[in-house]
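J.: Before we start, here is the structure in question, set down as structure tokens.
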Amino acid sequence: MPAEAPRMSCQSRLLGYRVRTTGVGRFSGSAMDVGLVRRDDVEPKNKESRNRPRWNKGLLFFLSCLSISIGLGNVWRFPTLAYQNGGGAFLIPYFILLFVVGKPVYFLELAIGQFSGKGGVKTWECVPGFKGISVAQFVTSFYILVAYNYIMALCLFYLFASMQSPLPWSNCDPQWSDENCFHQSMASIHF
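Residues in the sequence shown are numbered consecutively from 0, following numbering that gives the first Met the number 0.
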């Protein structure tokens with residue numbers, strides 16, 4: 000009677016490891032004991048997994064996570080929202096939601112990515128019902144990319160426009176102005 004091929008657990012598939020067999024279809028450990036076998040008994044599925052780069056300093060990892068977390072919304076929009084919604088009183092529910100919802104979800108994504116060693120879409124292959132999460136993450140990232148690219152295009156446009164002499168917005172040319180255009184030379188007339 001041929002030996003039945005062992006089933007790999009979700010954990011071992013996420014890790015990208017397979018347990019070496021000793022003989023035909025015999026494991027040196029069960030698939031559920033992947034974390035308990037010796038390092039020599041567990042090998043990565045492909046060579047890319049063996050040579051993956053690692054963070055050699057905790058500070059670099061922290062700064063990388065910080066750069067992903069802090070965006071235009073934190074620097075530009077947050078002070079405006081705080082001012083419009085009561086100033087300091089707005090910070091109380093903000094920090095409560097930050098620590099109750101935001102940080103756990105952030106660390107969950109970080110842990111799942113580190114645990115699986117795969118990208119956002121491939122991570123959820125283990126649980127087919129959660130595949131919609133990866134699609135939602137991709138669509139959300141795409142919409143954020145479109146919005147931030149528009150803002151970056153405006154920044155670049157005004158950067159290069161500011162290198163012209165005279166500055167295009169220093170006078171009331173029809174190209175830049177409308178009926179509410181205000182020129183410095185008319186200050187004594189209006190006030």
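For each residue, glycine too, the CB sits at the ideal point set by N, CA and C.
Count the other C-beta atoms from every protein chain shown that fall within 10 angstroms of the C-beta of Trp123, then say buried if there are 16 or more, exposed otherwise.
T.: One-based indexing of the sequence shown puts residue 123 at position 124. Label assigned to Trp123: buried.
J.: With 16 as the cutoff for other CB atoms within 10 Å, does Ser66 come out buried or exposed?
T.: Numbered from 1 along the sequence shown, position 67 holds the residue referred to as residue 66. Exposed, because fewer than 16 other Cβ atoms sit within 10 Å of the Cβ of Ser66.
J.: So Ser133 packs on Val145, CB below 8 Å; how close in whole Å?
T.: For the purposes of this step, residue 133 is taken as residue 134 along the sequence shown, with counting starting at 1. For the purposes of this step, residue 145 is taken as residue 146 along the sequence shown, with counting starting at 1. So it is not a contact: roughly 19 Å between Cβ atoms.
J.: Considering just the uninterrupted stretch of the alpha helix (DSSP H) at Val99, what are its terminal residues?
T.: On the sequence shown, position 100 is the one that residue 99 refers to. No alpha helix (DSSP H) contains Val99, which DSSP labels as neither H nor E.
J.: Going along the chain, which residues of its own chain have a beta-carbon closer than 6 Å to the beta-carbon of Pro106, five neighbours each way excluded?
T.: Taking the first residue of the sequence shown as position 1, residue 106 is located at position 107. First, the amino acid is wrong: residue 106 is Phe here, not Pro. Once the five neighbours on either side are set aside, Phe106 has no close Cβ partner at all.
J.: Taking the straight line between their C-alpha atoms, what separation do you get for Ile91 and Thr79?
T.: Sequence index remark: in the sequence shown, residue 91 carries index 92 (1-based). Sequence index remark: in the sequence shown, residue 79 carries index 80 (1-based). So the alpha carbons of these two residues sit roughly 16 Å apart.
J.: Check whether the Cβ atoms of Tyr147 and Leu71 sit closer than 8 Å, and answer yes or no.
T.: Position 148 of the sequence shown holds residue 147. Position 72 of the sequence shown holds residue 71. In contact: Tyr147 and Leu71 (Cβ atoms closer than 8 Å).
J.: With 16 other CB atoms within 10 Å as the buried threshold, where does Ser115 fall?
T.: Locating residue 115 in the sequence shown gives position 116, counting from the first residue. With 16 or more Cβ atoms within 10 Å of its Cβ, Ser115 is classed as buried.
J.: Tell whether a beta-carbon distance below 8 Å holds between Ala81 and Phe94.
T.: Taking the sequence shown and counting its residues from 1, one reaches residue 81 at position 82. Taking the sequence shown and counting its residues from 1, one reaches residue 94 at position 95. No; because the gap between Cβ atoms is not below 8 Å, this pair is not in contact.
J.: In the DSSP assignment, the alpha helix (DSSP H) including Pro78 goes from what residue to what residue?
T.: Here residue 78 refers to the residue found at position 79 of the sequence shown. Here the alpha helix (DSSP H) through Pro78 covers 77-83.
J.: Tell me which same chain residues have a C-beta within less than 7 Å of the C-beta of Ile111, skipping the five on either side of it?
T.: Counting from 1 along the sequence shown, the entry for residue 111 is found at position 112. Once the five neighbours on either side are set aside, the close Cβ partners of Ile111 are Thr122.
J.: Any C-beta of chain D sitting closer than 8 Å to the C-beta of Gly116?
T.: In the structure shown, chain D does not exist; there is a single protein chain.
J.: Measuring only the C-alpha atoms, how far is Val126 from Glu108?
T.: Counting from one through the sequence shown, the residue named residue 126 turns up at place 127. Counting from one through the sequence shown, the residue named residue 108 turns up at place 109. Looking at the two C-alpha atoms, the distance is approximately 15 Å.
J.: Would a C-beta distance cut-off of 8 Å place Pro167 and Gln174 closer than the cut-off?
T.: Numbered from its first residue, the sequence shown carries residue 167 at position 168. Numbered from its first residue, the sequence shown carries residue 174 at position 175. Yes, Cβ-Cβ distance for Pro167 and Gln174 is below 8 Å.
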